[in-house]
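*Asks:* My questions all concern the structure below.
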């Protein structure tokens, strides 16, 4: 009798699990395609704004007070990001959510061009390319990956912290042994190894049909993707800025040329 009862319970549990799975699949299939479009468009707007503004980094004069102003803008951008993160009503309210994200992006971009003033445009573009490459590659893998990673956020967080720590230790050792270029390569490689799995995890949570967890909050999804891009860019640009200080001469050269032209014009007049 107990054996029959056990079989009955197992069949009931199987039917219940099957029904729950069916409901989950049905709900996941109801993700509106408009959500994906909104996320992509808003993310592209934020990233393109940042890239255009940061292209002017190398012509910003390196003055001490500008660096302090840049830090202030960076703190403001972080505060705005935290407010957006913990205010669900703001995330869902259009057009306030988009306006808020644009203001946050402008503050962060202003911070970057002031903190990294004088960084050669080659390294600015390289930092942008690395950031975009990691994000796009991670999201592409996430969409094609069948294994569900959305329930392992603690693992990915710890993984990222550990890899960044190890890369910094290796960079510190290389600092005393080899050329600065190898130190920069070690730091950038460590950043890529740490952030790529996080990009894959976020890609599944935002874009993977069947694993979407942020729907229908398109503004929050765009915010998360932009935050990942911003983190990779700022860290990579900081590596270039720290190990290639000679690039600061580009600013002085640029302004010297301007002053020379102005003096010539004044003498001719």
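Numbering (the UniProt record's numbering), first residue to last: 1 to 269.
Idealized CB from N, CA, C, for every residue including glycine.
1. Tell me the DSSP secondary structure of residue 42 in three-state form.
2. Look at the alpha carbon of residue 205 and the alpha carbon of residue 217, and state the distance between them as a whole number of angstroms.
3. Does the region 65-78 come close enough to the region 99-109 that 3 or more CB-CB pairs lie under 8 Å?
4. Does DSSP put residue 213 in a helix, a strand or coil?
5. Distance check for residue 104 and residue 80, CA to CA, integer angstroms please.
6. How about residue 219 and residue 98: are their beta carbons less than 8 Å apart?
7. Quick one: using the 10 Å Cβ neighbour count with 16 as the cut-off for buried, is residue 146 buried or exposed?
8. Would you give the residue range spanned by the alpha helix (DSSP H) that residue 32 belongs to?
9. Quick one: any contact between the region 162-171 and the region 220-233, if contact means 3 or more CB pairs under 8 Å?
10. CB-CB under 6 Å to residue 131, same chain, minus the five flanking residues each way: which ones, in chain order?
11. Express the C-alpha separation of residue 223 and residue 134 in angstroms, rounding to a whole number.
12. Have a look at residue 271 and residue 162 and give me their C-alpha separation to the nearest angstrom.
13. Have a look at 183, 59, 83 and flag the residue whose alpha-carbon is nearest the alpha-carbon of residue 244.
14. Who are the near neighbours of residue 101 in its chain, counting only those whose CB is closer than 8 Å to its CB and skipping five residues on each side?
15. Measure the C-alpha to C-alpha separation of residue 236 and residue 129 and round it to an integer number of angstroms.
16. Take residue 39 as the anchor and find which of 238, 208, 239 has the nearest alpha-carbon.
17. Assign residue 21 to buried or exposed, taking buried as 16 or more other Cβ atoms, counted over all protein chains shown, within 10 Å of its Cβ.
18. Do residue 115 and residue 67 have their beta-carbon atoms positioned less than 8 Å apart in this structure?
19. What residue range does the alpha helix (DSSP H) around residue 241 cover?
20. I believe residue 121 touches residue 55 by the beta-carbon criterion, under 8 Å. Please report the beta-carbon distance rounded to the nearest angstrom.
21. Find out if the Cβ-Cβ distance for the pair residue 138, residue 189 is shorter than 8 Å.
22. Is any non-hydrogen atom of the ligand GTP found closer than 7 Å to the C-beta of residue 195, if you look at the structure I gave you?
23. Whole angstroms is fine: what's the gap from residue 127's alpha carbon to residue 36's?
24. Which residues in the same chain have their Cβ closer than 6 Å to the Cβ of residue 196, if we skip the five residues on either side of it in sequence?
25. Run the CB neighbour count on residue 96, radius 10 Å, all protein chains shown included, and call it buried at 16 or more, exposed below.
26. Below 6 Å CB to CB, which residues in the same chain sit around residue 185 once its five sequence neighbours on both sides are set aside?
*Replies:* If we stick to the structure as given:
1. helix
2. 12 Å
3. yes
4. coil
5. 6 Å
6. yes
7. exposed
8. Careful: residue 32 lies outside any alpha helix (DSSP H) and carries neither H nor E.
9. no
10. 229, 232, 233
11. 17 Å
12. In the structure as shown, the chain starts at 1 and stops at 269, and residue 271 therefore has no counterpart that could be examined.
13. 183
14. 42, 46, 84, 219, 222, 223, 226
15. 10 Å
16. 208
17. Confidence is the limiting factor: at residue 21 the pLDDT is only 40, short of 50, which leaves the residue's position unreliable and the question unanswerable from this model.
18. yes
19. 218-243
20. 7 Å
21. no
22. You won't find the ligand GTP in this model; it holds no ligand whatsoever.
23. 26 Å
24. 134, 138
25. exposed
26. none
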